[in-house]
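Working notes for the structure below.
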Amino acid sequence: MTEEKPTSNYFLIILESLRESSLKRPITLEEIMDSFGPRCHSLLIIFFILPFLQPIPLLGLSTPLGIMIAIVSFFQVLKKRPWLPDRWRKKEVSAKILVKTHQLAKKIFSKLSGNISQRWNFIFSAVSFDVVNFLVVAILALLLALPLPVPFSNMIPAVAIFLNGVGYLEKDGALVVTSYVIFLAAVGFFTAIAFGAFAGAGALVN
1451 MTEEKPTSNY FLIILESLRE SSLKRPITLE EIMDSFGPRC HSLLIIFFIL PFLQPIPLLG
1511 LSTPLGIMIA IVSFFQVLKK RPWLPDRWRK KEVSAKILVK THQLAKKIFS KLSGNISQRW
1571 NFIFSAVSFD VVNFLVVAIL ALLLALPLPV PFSNMIPAVA IFLNGVGYLE KDGALVVTSY
1631 VIFLAAVGFF TAIAFGAFAG AGALVN
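Residue numbers for the sequence shown follow my numbering, so the first one is 1451 and each next one is one higher.
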């Protein structure tokens, strides 16, 4: 397969191909990574984050996928090929998951496509952009990884990570800035949860 410029449409095309292949034989995470290409970190991050774009926490999945997103984001800032541990890369992704992921991606991108454009390009040329963007995505990924049975505890960081990935992919600075605003909201949300937990624990002790 020839390397194409990564875009949202490219993501859907690759996902469709993977979906069709998964109906014939098992597909590993390593094959998915290879399909997206050596420099397509944002595509991989979007793939990992799609299942969390819903209000109900996905306990058991948020921790490993949150860690994977942080790792991929780290290799993105290094401008090196994405890397994951062997036992994760060899993990098979079921046809059911790929079918649902493809359906969800088509639904979300069909609604978002009219709001995507190349704008605010000065953001991407800023000297500190790559490092700042990595820190934002990594913190969001670690918040996602927290196994909290709290509504929206997955969805808030997931929306920020998704918009950041799409904005980075499409060079849409407005989407990236929007992801930073949601990042601040996510920090406030989790801070409130932490204060609530400490207050509740203090009340029980007293």
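Even glycine gets a Cβ: it sits at the ideal position worked out from N, Cα and C.
Just so it is clear, the structure is predicted and the values come from calculations on it, not from any experiment.
Run the CB neighbour count on residue i, radius 10 Å, all protein chains shown included, and call it buried at 16 or more, exposed below.
i, result
"GLN1504", "exposed"
"PHE1645", "exposed"
"GLU1620", "buried"
"GLN1526", "buried"
"LEU1465", "buried"
"ALA1636", "buried"
"VAL1609", "buried"
"LEU1593", "buried"
"ALA1595", "buried"
Starting from residue i, follow its DSSP beta bridges and name the residues at the other end.
i, result
"ILE1517", "ILE1517 pairs with nothing; no bridge assigned."
"GLU1542", "THR1478"
"ASP1622", "ARG1569"
Once the 5 residues before and after residue i are set aside, which same chain residues still bring their CB inside 8 Å of it?
i, result
"PHE1498", "LEU1515, MET1518, ILE1519 and VAL1522"
"SER1472", "VAL1543, SER1544, ALA1545, LEU1548 and VAL1549"
"PHE1579", "ILE1573"
"ILE1643", "LEU1598, VAL1600 and SER1603"
"ILE1482", "LEU1468, LEU1494, PHE1497 and VAL1543"
Got a sec, what are the start and stop residues for the alpha helix (DSSP H) residue i sits in?
i, result
"LYS1556", "1545-1562"
"ASN1583", "1579-1595"
"ARG1469", "1458-1472"
"SER1492", "1491-1499"
Which residues in the same chain as residue i place their Cβ atom closer than 6 Å to its Cβ, once the five residues preceding and following it in sequence are excluded?
i, result
"ILE1463", "none"
"ALA1588", "ALA1520 and SER1523"
"PHE1639", "ILE1606"
"GLY1615", "SER1492, ILE1495 and ILE1496"
So, at 7 Å on beta carbons, what are the nonlocal neighbours of residue i in its own chain, with the 5 sequence-adjacent residues on each side left out?
i, result
"PHE1486", "ILE1464, LEU1493 and LEU1494"
"THR1628", "LEU1613"
Under 8 Å: do the segment 1595-1606 and the segment 1545-1564 share three or more Cβ pairs, one atom per stretch? Cβ pair count under 8 Å is below three, so no.
For the 8 Å Cβ check, are there 3 or more pairs between the segment 1476-1495 and the segment 1551-1569? The segment 1476-1495 makes no contact with the segment 1551-1569: fewer than 3 CB pairs, one atom from each, lie closer than 8 Å.
Count the CB pairs spanning the segment 1526-1536 and the segment 1552-1567 that are closer than 8 Å, and state whether there are at least three. Because the criterion of three Cβ pairs below 8 Å is not met, the segment 1526-1536 and the segment 1552-1567 do not touch.
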